[in-house]
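Note that the protein sequences, when read in sequence, are chains B and W.
Everything in the first sequence is counted per my numbering, starting at 65 for the first residue and increasing by one.
Everything in the second sequence is counted per my numbering, starting at 128 for the first residue and increasing by one.
Think of the CB as a built atom: it goes at the ideal place given N, C-alpha and C, for glycine as much as any other residue.
None of these values were measured; they are calculated from a predicted model.
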Amino acid sequence: MEQQRKIGTRLKSALLVVALAGSLGGCATSGNPKDPIEGFNRAMYAFNEGLDQVIIKPVAKGYDAVLPTPVRTGVTNFFGNIADLFIGVNNLLQGKPGQAASDLGRVVLNTTVGILGIFDVATPAGLEKHEEDFGQTFGRWGVGPGAYVVVPFFGPRNVRDTVGLVLDVKADPVAGIDHVPTRNTLLALRIVDIRADLLPADKVIEEAALDKYTYVRDGYLQRRRSLIYDGNPPRERED
Amino acid sequence: MKWLLGLAAALCIAGPVVAAEELMPDVLVRNVTNEVLEIVRADKDIQAGNVSKAVTLVEVKVLPHFNFARMTQLAVARDWRQATPAQQKILIDEFRELLVRTYSKALTEYRKQTIDFKPFSMAPNETDVKVRTEIKQTGGKPIQLDYYLEKNSGGWKVYDIEVGGISLVTNYRSSFSQEVRANGIDGLIAVLQAKNKTAEAPAKTK
């Protein structure tokens, strides 16, 4: 208990420092119109990176090293199955009933035949996995992206997706579990599992980026744009 | 030994014939992808993270099909015109090195994913096309991997790659222009050279 409180205060002071650094750095932007609060964002990015380096990444590496691949895949599938339900809802909200039906079919099939989602039997059966969230739904509805924001703990977003994120978290079935220890265990496991899946990408970005912050930001902006158009955005090329 | 001569002769004849009969862009992408992945699947060194070996593979099998001048021009965008021909050449060389190493690094992370080639069609006189492929992975949504190709005198060449909607080329645009605005074209060249040097150093000591 005591220790928990200590960590809590430490976290709070760390956040305060980061927020302060952010507001100070706010003046020093490079003038990118998509990133008007770059100073703040860079500070948040540094905070998230620090958290990742010290806690999340080492745990994810250990997790990746210890668990055999089939088990890892089972965990990823289990959470993916829960997410499919929510992806289906978003597809419905975006006016894509066909895709929503396919998502629902995935959940039914994987939960039963795939034993609570541990095996993804739906993909080989021809029901492809989708990727949707409230941020994309808003985008479909015509809401503009707004400025780029690096959210503490969650990472890159824009204003639209940050609002979406709040709803994503609210609608998240795992976060809604009443039994607190079960909920926290599952939330932590999901974070570690997602992070472990990203380990290879991490190395490639390290290799590619001149400035990791800018590389991640621009990649995020391109990726979101592409997702809203379901992988087929109109071309945006100036020579 | 005679059969060797015969083989050499056959290759000499076959070579120009293959070149003259130009491959369709989707066939080109499929052939190169399959060939490279087959080698990676069989190569324990590359799988274990030997980047310099992967670089050699990429240089031999992939590089000839890429148009790096066009890629660099796309990444440098508006500032390209203010670079002298000499600066442009250095930019192309440095950017090529950066992209090749990134691509090679990605190859060492390749596991058992399979590639799906999407249906492709084009008008006969088209000179700029997109070839769509997908990386299938267990437990996740497939990752889109698209190649943009342009036809010039040397046949079809790739000038952009998009992974999950992220262009590996234009993703550099804002960091490049930021650098040029602060320190000019030479500043950008210096940054690229520094990046390539630091990345090379640890790879060589291994």
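What do you reckon, are the CB atoms on residue i and residue j nearer than 7 Å?
i	j	result
W:V185	W:V227	yes
B:P237	B:Y284	no
W:D273	W:R259	yes
B:G169	B:L191	yes
B:L291	B:Q200	yes
W:L201	W:V296	yes
B:D197	B:D242	no
B:V123	B:V256	yes
W:V318	B:L253	no
B:A260	B:P100	no
W:V307	W:D170	no
W:P191	W:V256	no
B:G392	W:Q271	No answer is possible for residue 392 of chain B: it lies beyond the span of chain B, which begins at 65 and ends at 303.
W:V203	W:F303	yes
For my contact list, residue i and residue j are in at a C-beta cut-off of 8 Å; report their separation, rounded to the angstrom.
i	j	result
W:E285	W:Y275	Reading the sequence as shown, one finds Val at residue 285 of chain W and not Glu. Right, the Cβ-Cβ distance comes to about 7 Å (below 8 Å), so this counts as a contact.
W:L225	W:K322	6 Å
B:A265	W:T229	About 12 Å separates the two Cβ atoms, so there is no contact after all.
W:E236	B:K267	6 Å
W:E221	W:Q320	6 Å
W:T241	W:K278	Not a contact, Cβ separation roughly 28 Å.
B:D225	W:S301	B:D225 to W:S301, Cβ: 19 Å. No contact.
B:R287	W:I293	5 Å
W:K188	W:V163	5 Å
B:V171	B:N145	6 Å
B:V214	B:V223	12 Å between Cβ atoms; not a contact.
B:G35	B:F202	The first residue shown for chain B is 65 and the last is 303, placing residue 35 of chain B beyond what the model contains.
B:L263	B:D128	6 Å
W:K245	W:E261	7 Å
Are there 16 or more other CB atoms within 10 angstroms of the CB of residue i, so buried, or fewer, so exposed?
i	result
B:Y279	buried
W:A309	exposed
W:S248	exposed
B:V135	exposed
W:F195	buried
W:I173	buried
B:K193	buried
B:Y293	exposed
W:P269	buried
B:V230	exposed
B:T140	buried
B:T187	buried
B:E270	exposed
B:R106	buried
W:K232	buried
B:T249	exposed
W:R69	Since the first residue of chain W shown is 128 and the last is 333, residue 69 of chain W is not available in this structure.
W:R197	buried
W:N161	exposed
W:T325	exposed
B:W205	exposed
B:I258	exposed
W:N252	exposed
B:A189	exposed
B:G138	buried
B:T133	exposed
W:E165	exposed
W:T199	buried
B:G332	The structure shown has nothing for residue 332 of chain B, since chain B only spans 65 to 303.
B:G208	exposed
Look up residue i in the DSSP assignment and give the residues it is bridged to.
i	result
W:F193	W:V285
W:L184	DSSP, once it has assigned bridges, lists no residue as partnering W:L184.
B:N222	B:Y212
W:S301	In DSSP, W:S301 forms no bridge with anything.
W:Y275	W:K257 and W:D287
B:D236	None, per the DSSP bridge assignment.
W:S294	W:E289
W:I262	W:I242 and W:I270
Does chain D have any CB closer than 7 Å to the CB of residue i?
i	result
W:I293	No chain D is present in this structure, whose protein chains are B and W.
Cβ pair count under 8 Å reaching 3, the region 110 to 124 of chain B against the region 157 to 176 of chain B: The region 110 to 124 of chain B, when compared against the region 157 to 176 of chain B, does not touch it at the 8 Å Cβ threshold.
When the Cβ atoms of the region 302 to 317 of chain W are set against those of the region 177 to 191 of chain W, are three or more pairs found closer than 8 Å? No: fewer than three Cβ pairs fall under 8 Å.
Determine, using beta-carbon pairs with one atom in the region 214 to 228 of chain B and one in the region 172 to 187 of chain B, whether at least three such pairs fall under 8 Å. As far as the Cβ criterion goes, the region 214 to 228 of chain B does not touch the region 172 to 187 of chain B, which means the pair count is below three.
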